[in-house]
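In terms of UniProt numbering, the sequence shown is residues 1 to 460. Ideal Cβ positions, reconstructed from N, Cα and C, are used throughout, including at glycine. Since we're looking at a predicted model, the values are computed, not measured. Comments concern the structure below.
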Amino acid sequence: MTNASNSAQSSAPVPNAGTRVLHRTSTSIPPRAVRGEGIYIFDQNGKSYLDACGGAAVSCLGHSDPDVRAAMHAQIDQIAYAHSGFFSSDAMEELADELVASAPEGIDKVYFVSGGSEATEAALKMARQYFLEIGQPDRKYVIARRQSYHGNTLGALSVGGNMWRRKQFEPLLITASHIAPVYQYRDQRDDETPEAYGLRVANELETAILELGAESVAAFVAEPVVGATVGALAPVPGYFKRVREICDQYGVLLILDEVMCGMGRTGTLHAIEQEGISGDLQTIAKGLGAGYQPIGAVLVSKKINDAIANGSGFFQHGHTYQGHATACAAALATQRAIKERNLLTNVVKQGENLVAALEAKLGQHPFVGDIRGRGLFRGVELVADRETKDPFDPTLKINAKIKKAAFALGLMAYPMGGTIDGVRGDHVLFAPAFIIDENDVAKIVDLFAGALDDVFKAEG
Ligand code: PLP
């Protein structure tokens, strides 16, 4: 670098001077969250934000739950953390019992981690180790779906099919294959029933397995209701049953990613319950600890656990904070609160209210293409043209503008730019706390409609 370019660089304005934190963006410093109360977050200036997305579908009990706070205090007063290589804890054992008792059929053990990406990594490694234990070392390939997101670490990014997130890291990623997601709004043909469409896309899995060679495929990874890239896409009837059949036929493991859609978000504790099957491994995180502590887990089937227990007896993996006692105490209190307060009934009821209110207010909006989802996991897809379903030009950054406009009005809504065959589309995800009522639903929809007005008026 020449002196001239050096001095040019050092005299350039530093956009986020005033913070030593490397924030997500260098162009601004976010406000400071200083207090949480129910579904509201307050910043240092006293401004309130209605959290209609639970951050990223995390805060399912709101921000000040007395039972979770008490459970964390009680745990810290005993012991905050003891390394899992030396100790278990009451909180870890009781949480695992609770999770297995309410898990889909076949789940037998719980492997704790600190978040969603870690859960994906652990599940992928467990799948690989399973095949080593049972003497099938050639099984190394993973199949996932286009437009999917399973985490930002290199292994998780490798299986994810979101090109925008993957692109610059591609030389570092392991090989994975991608098939079509279930995307009824865009991909179901006019002459197809939902069931026929589901069968057609599920059968892409069989084609991919045969192309790779059945004896070399380890696992298929899928999110039962897709959240992270394409805003609350639910499967069609029969899709997951056919996927399960294909996995069983070719000896491929099914890894279900319920990091975002799990732990009650869609109206049942596990989203996959609504499909009538279970996975061999299932990841959970976000709503597990409701954001009070970072925690995730892999729900492990008896088949996988037995192979490891009767083989090497040691899962070749581990993290310093796995099974963190305070995190497990927070998650245990969260899961008990959901059950004891019967919150899943409210998820179903307010989810129906939310979709009805969105339909009533925005169903005919010229740029609203689709309103969808399950429970309190709802997505709105924005399109430039309702007839052709053409997405907006990605350079307009519509979803980022909506996030900004909503935030200015005091609403947190989760914006996304999914990749549709290389073209980014705009989506907004709603994932409010399970404690909301009708009035909160009305406020969310009013504020969101206001944000859309602000953005589209400015766009002309
Ligand atoms: N899987 C899914 C489906 C997710 O939505 C996310 C996060 O948004 C992850 C995995 C990664 O979780 P984390 O951000 O906790 O690492």
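Open item on the list: Tell me whether Tyr149, by its Cβ, gets closer than 8 Å to a heavy atom of the ligand PLP.
Closed with: The answer is yes for Tyr149.
- [ ] Using three-state DSSP, classify Val455 as helix, strand or coil.
- [x] Three-state result, Val455: helix.
Open item on the list: Let's see if you can read the secondary structure: which residues bound the alpha helix (DSSP H) around Val117?
Closed with: The displayed chain sequence assigns Ser, not Val, to residue 117. Segment 116-133, the alpha helix (DSSP H) holding Ser117.
Open item on the list: At a cut-off of 8 Å, would you count Thr120 as near the ligand PLP, judging by its Cβ distance to the nearest heavy atom?
Closed with: True, at least one ligand heavy atom lies under 8 Å from that Cβ.
Open item on the list: Suppose the cutoff is 8 Å on Cβ atoms and the five residues either side in sequence are ignored; what does the same chain contact list for Ser48 look like?
Closed with: Here the set comprises Tyr40, Ile41, Phe42, Gly410.
TODO: Assign Ile143 to one of two classes, buried (16 or more other C-beta atoms within 10 Å of its C-beta) or exposed (fewer than that).
DONE: Buried is the call here.
Task: Buried/exposed call for Tyr141, threshold 16 Cβ in 10 Å - done: Tyr141 counts as buried, since no fewer than 16 other beta carbons sit within 10 angstroms of its beta carbon.
Open item on the list: Measuring straight from C-alpha to C-alpha, what distance separates Gly160 and Ile179?
Closed with: Going by C-alpha positions, Gly160 is about 11 Å away from Ile179.
TODO: Determine the DSSP secondary structure at Leu299, reduced to helix, strand or coil.
DONE: Three-state result, Leu299: strand.
Task: Exposure of Ser89, with buried meaning 16 or more beta-carbon neighbours within 10 Å - done: Its Cβ being crowded by 16 or more others within 10 Å, Ser89 is buried.
Task: Neighbourhood of Gly264 by C-beta distance below 8 Å, restricted to the same chain and skipping five residues each side - done: The beta carbon of Gly264 lies closer than 8 Å to those of Cys60, Gly287, Ile338, Leu343, Leu344, Val347, Gly375, Phe434 in the same chain, with the five residues before and after it left out.
Open item on the list: Is any non-hydrogen atom of the ligand PLP found closer than 8 Å to the C-beta of Asn152, if you look at the structure I gave you?
Closed with: Yes, the beta carbon of Asn152 sits closer than 8 Å to at least one heavy atom of the ligand PLP.
Open item on the list: In whole angstroms, give me the CA-to-CA distance for Leu281 and Pro31.
Closed with: Here the alpha carbons of Pro31 and Leu281 stand approximately 38 Å from one another.
- [ ] For residue 489, count neighbouring C-beta atoms within 10 Å of its own C-beta (all shown protein chains included) and say buried if the count is 16 or more, exposed if not.
- [x] The chain is shown from 1 up to 460; residue 489 falls before or after that span and cannot be answered.
Task: Delimiting residues of the alpha helix (DSSP H) encompassing Lys339 - done: Per DSSP, Lys339 belongs to the alpha helix (DSSP H) from 325-340.
Task: Paired residues, beta bridge with Phe220 - DSSP - done: Answer is Ile143, Leu254.
Open item on the list: So, under 8 Å CB-CB, Ile272 and Phe220 are touching, yes? Tell me the CB distance rounded to an integer number of Å.
Closed with: About 13 Å separates the two Cβ atoms, so there is no contact after all.
Open item on the list: Considering only heavy atoms of the ligand PLP, does any lie closer than 8 Å to the CB of Lys286?
Closed with: Because some heavy atom of the ligand PLP lies under 8 Å away, the Cβ of Lys286 counts as near it: yes.
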